[in-house]
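First the structure, in the form of structure tokens, and then the observations on it.
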Amino acid sequence: MDFLTSSDFWFLSLTSLAKTIFLIFLVVLPMVSYTVYAERRVSALIQDRVGPNRTGFPTSLIPGFTKDFSPFLGGLGQPVADAVKFLLKEDFVPGHVNKLYFWLAPCLAMMPAIVTLAAIPFGSEFLGVKMVVADINVGLLFMFAISSVSVYGIVLAGWSSNSKYPFLGGIRSTSQMISYELCMGLSAVPVLLVCGSTGLSSIVNYQVREGWLLAPFTNGGLSFREIALWVPIIIAFITFTISMFAETNRLPFDLPESETELVAGYHTEYSSMKFALFFLGEYTAMIAGSALIVVLFLGGWHLPFIPDGAGQGGLNFLHAIPSWIWGLVNITAFFAKVAVLLLVFIWIRWTLPRFRYDQLMKLGWLYLFEIALVNIFLTAGILAFTK
Amino acid sequence: MSEYFPIFLQVVVAIGFAASALLVSVVLGKAAKTNKAKDSAYECGMPAEGGAQPRFSVKFYLVAMLFILFDIEIVFMYPWAVVFREHIAAHGPGIFWSMLSFAGVLTVGYVYAIMKGALDWKS
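From first to last, the protein sequence lines stand for chains U and A. Each residue of the first sequence is one higher than the one before, starting from 33 at the first, in the numbering used here. Each residue of the second sequence is one higher than the one before, starting from 28 at the first, in the numbering used here.
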């Protein structure tokens, strides 16, 4: 307990609080609202529609301005308008629900997604402070443990609604999420075999030294072993990404919601901000999942030839520029990679049709499980028997 | 312990955000009016019929049980994976064969579950 009385305590609490607030309120939540906007615009693009392109910012309410400000693409005010609308809606709780759990469920659906972000290293170093909220050496296990708690939010929502569609959605969702958790856990093992640590920072540092796992050539030449390892890593990446889609209930795995059969699944009875919290939770989980994929396979914050925030590595002549700029570049690189993955999430949602339930279970338990299990021994064999 | 303290802060921030979002919505939102139709379970506009929580397939319980079994076996692989490279460098590839035999035992259970039709959702 001497930690609580030490002089580092206040420094640690203040910096980690600053990092938490920066990460959640300045990066992730705005990213969530603009992912929703991007989803609507991209789906419109894919379906040859226009999408929300009108809402600007009502600057004409401020004296001195005569026109509303509508940025060049149009519709950029849409997420703000949506948030205001959610807050002002009638806050209705149906009489037939179980009140306590009905209120608890949306919070439980959103909190785990936010808490998992604590272990993600979203940058190298900035002004001497490591850009990760909690640098724990069991980061990956922490992510899996906390993200599986989000099942409770969905189960409670389905059960407390006392209504058929939410109930069926909740049941389906539970067994889908736990089934794909197996595949996700198995497909992360090859990464641990190669990197030899469950700490997310050490996994990124390994990739800075040896080249990104999915693109080992970022470190220059390729040895025979690196080429051989490339195969299982690509398989692990694919199975991990598919499981991540299922874990976040995104199409083609959105059986818990499947609006053609279950109205809206587990949140049929929800409205106003309580519904919005489910929505926020789903998109935050998407961002946390994409961030985990970036950390495990795509080199985290690292860009080839770019030094880190402490002025290490990279090309020599770039060291003339102050290192805090490189710290910012690393943070930007990380979130740019996450944004690209989010676009892939959206693109796949509007391209593929939904699975049938028996197909979903078959894919998870028969194909992905076996592929991931064999893949572990492929990786281990390459590490054990090649030089 | 000091590494885990920021997580505690993050949990507090997350709870605070969820609670305040709900509170603001209660304060700012329109007061709710109820009537009999609004208070009934949503079934696409028809009067609700039968129990609210219908019986469902026993398969869901089977999946949950199998999940617990296999998930624990997967957790065994994590420490193995973390020490794998160091152990190989120091003691040779014996660690590879020992985990392969463990996975063999796991596969027997897995094949048994499939043969019993535990994962067959068509029947």
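Cβ atoms here follow ideal geometry from the backbone N, Cα and C, with glycine treated the same way.
Within chain U, the residues that Met92(A) reaches when beta carbons sit closer than 8 Å
Those within 8 Å of Met92(A) in chain U number zero; the least Cβ separation is about 10 Å.
Is the Cβ of Ala108(A) closer than 8 Å to any Cβ of chain U?
yes
Figure out for me which residue from Arg73(U), Phe329(U), Pro90(U) has the closest Cα to the Cα of Val240(U).
Phe329(U)
Using the beta-carbon of each residue, which ones in chain A are nearer than 9 Å to His128(U)?
Asp66, Ser67, Ala68, Ala75, Ala79
Any C-beta of chain A sitting closer than 8 Å to the C-beta of Glu301(U)?
yes
Any beta carbon of chain U sitting closer than 8 Å to that of Tyr105(A)?
yes
I want to verify the contact list: residues of chain A whose CB lies under 9 Å from the CB of Trp42(U), in sequence order.
Within 9 Å Cβ-Cβ: nothing; Trp42(U) doesn't reach chain A, min ~12 Å.
Could you check how far apart the C-beta atoms of Leu93(A) and Leu398(U) are, in whole angstroms? I think they sit under 8 Å.
Leu93(A) to Leu398(U), Cβ: 12 Å. No contact.
In this structure, how does DSSP classify Lys121(U) when only helix, strand and coil are distinguished?
Three-state result, Lys121(U): coil.
Which class does Phe97(U) belong to by DSSP, given the choice of helix, strand or coil?
Assigned with DSSP and collapsed to three states, Phe97(U) falls in coil, not helix or strand.
Buried or exposed: which applies to Ser92(U), given that a residue is buried once 16 or more other Cβ atoms fall within 10 Å of its Cβ?
exposed
Taking 7 Å as the cut-off, is the CB of Arg241(U) close to at least one heavy atom of the ligand NAP?
The model depicted lacks the ligand NAP and carries no ligand whatsoever.
Top-ranked residue by Cα proximity to Ala41(A), from Ile357(U), Pro264(U), Leu140(U), Ala320(U):
Leu140(U)
Below 9 Å between beta carbons is the criterion; list the residues of the stretch 183-200 of chain U that meet it against any residue of chain A, in chain order.
Listed by position along the chain: Trp191, Ser193, Asn194, Ser195, Lys196, Tyr197, Pro198, Phe199, Leu200.
Give every residue of the same chain whose Cβ lies closer than 7 Å to the Cβ of Ala76(U), excluding the five residues on either side of it in the sequence, and list them in chain order.
Val82, Gly83
With distance defined between alpha-carbon atoms, name the residue in Leu49(U), Gln79(U), Val68(U), Thr52(U) nearest to Trp382(U).
Gln79(U)
Residues of chain A with CB closer than 8 Å to the CB of Glu213(U), please, in chain order.
Phe94, Asp98
Which residue wins for smallest C-alpha separation from Ile363(U), given the options Gly155(U), Phe89(U), Val116(U), Met216(U)?
Per the Cα distances, Gly155(U).
I'd like to know if Trp397(U) contacts chain C, where contact means its C-beta is closer than 8 Å to some C-beta of that chain.
Looking for chain C here will not work: the only protein chains present are U and A.
Exposure of Thr134(A), with buried meaning 16 or more beta-carbon neighbours within 10 Å
exposed
Per DSSP, Lys162(U) is paired with what?
Glu157(U)
Cβ-Cβ separation, Ala108(A) to Phe24(U) (assumed contact under 8 Å), whole Å:
Since the first residue of chain U shown is 33 and the last is 419, residue 24(U) is not available in this structure.
Chain U contact for Val53(A) (CB, 8 Å cutoff):
yes
Give me the chain U residues within the contact set of Gly56(A), using Cβ-Cβ distance strictly less than 7 Å, ordered along the chain.
Leu119, Leu120, Lys121, Glu122, Asp123, Ser304
Within a Cβ cutoff of 6 Å, which residues of the same chain sit near Gly313(U), ignoring the five residues on either side of it in sequence?
Ala141, Met142, Ala145
Spatial neighbours of Phe97(U) in its chain, beta-carbon cut-off 7 Å, leaving aside the 5 residues before and after:
The answer, listed in chain order, is Thr91.
Cβ atoms of Gly202(U) and Ile186(U): under 8 Å apart, would you say?
yes
Collapsed DSSP secondary structure at Phe89(U) in the structure displayed
strand
When the Cα atoms are used, what is the spatial distance from Ala64(A) to Met305(U)?
22 Å
Could I get the ranges of all uninterrupted beta strand (DSSP E) runs contained in the stretch 169-228 of chain U, with 3 residues as the minimum, in chain order?
Taking only runs of at least 3 residues, no beta strand (DSSP E) segment lies wholly in the stretch 169-228 of chain U.
If the cut is a Cβ gap below 7 Å, which residues of chain A does Tyr133(U) touch?
Ordered by position in chain A, no residue passes the 7 Å Cβ test against Tyr133(U), which lies about 13 Å from the chain.
For Val64(U), which option in Gly413(U), Gly252(U), Ile325(U), Ala320(U) has the closest C-alpha, if you only look at C-alpha atoms?
Taking only the C-alpha atoms, the option nearest Val64(U) is Ala320(U).
Three-state secondary structure (DSSP) of Thr250(U):
helix
Segments of 4+ residues assigned as alpha helix (DSSP H) that fall wholly inside the stretch 375-412 of chain U
Complete alpha helix (DSSP H) runs here, min 4: 389-394.
Using DSSP with H/G/I as helix, E/B as strand and the rest coil, what is His351(U)?
In the displayed model, His351(U) falls within a helix according to three-state DSSP.
Taking 8 Å as the threshold (beta carbon to beta carbon), is Gly228(U) in contact with chain A?
Output row for Gly228(U): interface = yes.
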